[in-house]
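Undergrad: Quick one: the structure is below, and I'll ask about it shortly.
In the working numbering, the protein residues as written are 1 to 258.
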């Protein structure tokens with residue numbers, strides 16, 4: 001059965017699919033408000049993603065997707081509201097503590113070390129999971145990202161945009177996160193690299209990774225995401241399955257069309 005055919009309900013923070021199987025909440029964002037200086041940019045923004053699920057956060061450029069991701073990761077302070085990672089509130093923690101708690105953030109601008117090799121970029125990011133183990137090893141990351149294998153000794157600054165994006169994801173995985181935040185991973189990439197990023201996200205979901213995927217491109221998210229949240233001007237304006245969103249012409253026209 002495809003993910004578009006798996007209806008879900010949420011009961012007390014636990015997702016249940018059509019077969020009655022329960023998936024616990026991995027990340028719950030409740031009514032967060034964020035400002036840049038005196039200008040408020042997020043207004044009671046909420047989302048929830050279950051363990052092993054991929055949630056698409058969709059909206060036009062400037063809608064508040066990156067701000068939401070940065071707020072979850074602790075890069076931006078939250079004025080009010082809650083962010084809970086597996087039931088533990090983290091909204092008042094510094095970003096490095098949130099990362100240690102299990103949130104991995106892949107920013108839009110990649111932020112690799114250009115003067116270090118691919119291998120060094122990955123190795124300096126090694127960190128145990130919150131459980132103290134290492135489900136993502138260097139070998140497993142190279143297996144998941146075979147494009148990087150032949151580039152081990154190449155400097156980060158010598159990589160193409162798509163190769164840098166793969167490296168950024170790999171470096172984040174080396175930190176063994178329980179939730180992976182991907183901020184517009186397909187932005188500005190050649191079509192062949194967009195396809196590779198899409199396959200990578202699908203492979204990560206099969207591996208059991210919980211993902212929040214911020215994107216402008218609904219088509220890219222179809223077949224990857226289980227559910228979707230649409231954001232506009234800092235407010236969530238749609239929450240539902242990705243299939244429901246794809247069939248909702250009014251929401252697509254008002255909030256996603258260029």
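We put the beta carbon where it would ideally sit given N, CA and C, even for glycine.
Is it buried or exposed, residue 1, if we count other Cβ atoms within 10 angstroms and call 16 or more buried?
TA: Note that residue 1 scores a pLDDT of 34, beneath 50, so its modelled location is shaky; the value from the coordinates is reported in the next line. Exposed, because fewer than 16 other Cβ atoms sit within 10 Å of the Cβ of residue 1.
Undergrad: Do the CB positions of residue 239 and residue 64 come within less than 8 Å of each other?
TA: No, the pair does not count as a contact, with Cβ atoms beyond the cut-off.
Undergrad: Spatial neighbours of residue 278 within its chain, please: CB distance less than 7 Å, with the 5 preceding and 5 following residues excluded, ordered by chain position.
TA: Nothing in the structure corresponds to residue 278, since the chain is present only between 1 and 258.
Undergrad: Rounded to whole angstroms, what's the CA-CA distance from residue 243 to residue 54? Just pull it up for me.
TA: Taking the straight line joining both Cα atoms gives about 13 Å.
Undergrad: Classify residue 121 as buried or exposed, calling it buried when 16 or more other Cβ atoms lie within 10 Å of its own Cβ.
TA: Residue 121 comes out buried.
Undergrad: Whose C-alpha, out of 76, 70, 47 and 23, is nearest the C-alpha of residue 37?
TA: Answer by Cα proximity: 76.
Undergrad: What separation, rounded to the nearest whole angstrom, lies between the Cα atoms of residue 35 and residue 161?
TA: One C-alpha to the other measures close to 31 Å.
Undergrad: To which residues of the same chain is residue 3 closer than 6 Å at the C-beta, ignoring the five residues directly before and after it?
TA: Only weak support exists for where residue 3 lies, its pLDDT of 39 falling under 50; the coordinates are left without a value.
Undergrad: Go ahead and label residue 91 buried or exposed: buried means 16 or more other beta carbons lie within 10 angstroms of its beta carbon, across all protein chains shown.
TA: Burial call: buried.
Undergrad: Counting only runs of 3+ residues fully inside the stretch 66 to 154, write out the beta strand (DSSP E) ranges in chain order.
TA: Fully enclosed beta strand (DSSP E) runs of 3 or longer: 80 to 85 and 103 to 106.
Undergrad: Between which two residues does the beta strand (DSSP E) harbouring residue 45 extend?
TA: Unbroken beta strand (DSSP E) run through residue 45: 39 to 50.
Undergrad: Residue 68 and residue 57: beta carbons closer than 8 Å?
TA: Yes, they are a contact pair.
Undergrad: Reducing DSSP to helix, strand and coil, say where residue 203 ends up.
TA: It is helical.
Undergrad: Within its chain, find whatever has a CB closer than 6 Å to the CB of residue 145; leave out the 5 residues flanking it on each side and keep chain order.
TA: So the list reads 166 and 170, once near-sequence residues are dropped.
Undergrad: Determine the extent of the alpha helix (DSSP H) in which residue 59 is found, giving its start and end residues.
TA: Residue 59 -> no alpha helix (DSSP H), and no H or E assigned at all.
Undergrad: Can you list, in chain order, the residues of its chain whose CB lies under 7 Å from that of residue 175, leaving out five sequence neighbours each side?
TA: Hits under 7 Å: 99, 104, 125 and 127.
Undergrad: Could you have a look at residue 208 and say whether DSSP puts it in helix, strand or coil?
TA: It is coil, neither helix nor strand.
Undergrad: Kindly indicate which three-state DSSP category residue 249 falls into: helix, strand or coil?
TA: Three-state DSSP puts residue 249 in a helix.
Undergrad: Under a Cβ-count criterion, where at least 16 other Cβ atoms within 10 Å of its own Cβ denotes burial, should residue 5 be classed as buried or exposed?
TA: The predicted model places residue 5 with a pLDDT of 39, which falls under 50 and marks its position as unreliable; any figure quoted below should be read in that light. The residue is exposed, with fewer than 16 neighbouring Cβ atoms inside 10 Å.
Undergrad: Select from 89, 153 and 102 the residue whose C-alpha is nearest the C-alpha of residue 181.
TA: Measuring from the Cα of residue 181, the nearest candidate turns out to be 102.
Undergrad: Buried or exposed, going by whether 16 or more other CB atoms sit within 10 Å of the CB of residue 137?
TA: Result: exposed.
Undergrad: Leaving out five residues before and five after residue 254 in sequence, what residues of the same chain have Cβ atoms less than 7 Å from its Cβ?
TA: Closer than 7 Å at Cβ, skipping near neighbours: no residue.
Undergrad: Under the assumption that residue 114 contacts residue 151 (Cβ atoms under 8 Å), give the Cβ distance between them as a whole number of angstroms.
TA: At roughly 14 Å, the Cβ-Cβ gap does not stay under 8 Å, so residue 114 and residue 151 are not in contact.
Undergrad: Assign residue 186 to buried or exposed, taking buried as 16 or more other Cβ atoms, counted over all protein chains shown, within 10 Å of its Cβ.
TA: Buried.
Undergrad: Determine whether the beta carbon atoms of residue 42 and residue 71 lie at a separation below 8 Å.
TA: Their beta carbons are under 8 Å apart, which means residue 42 touches residue 71 by this criterion.
Undergrad: Out of 256, 200 and 192, which has the shortest C-alpha to C-alpha gap to residue 219?
TA: Residue 219 has its Cα closest to that of 256, out of 256, 200 and 192.
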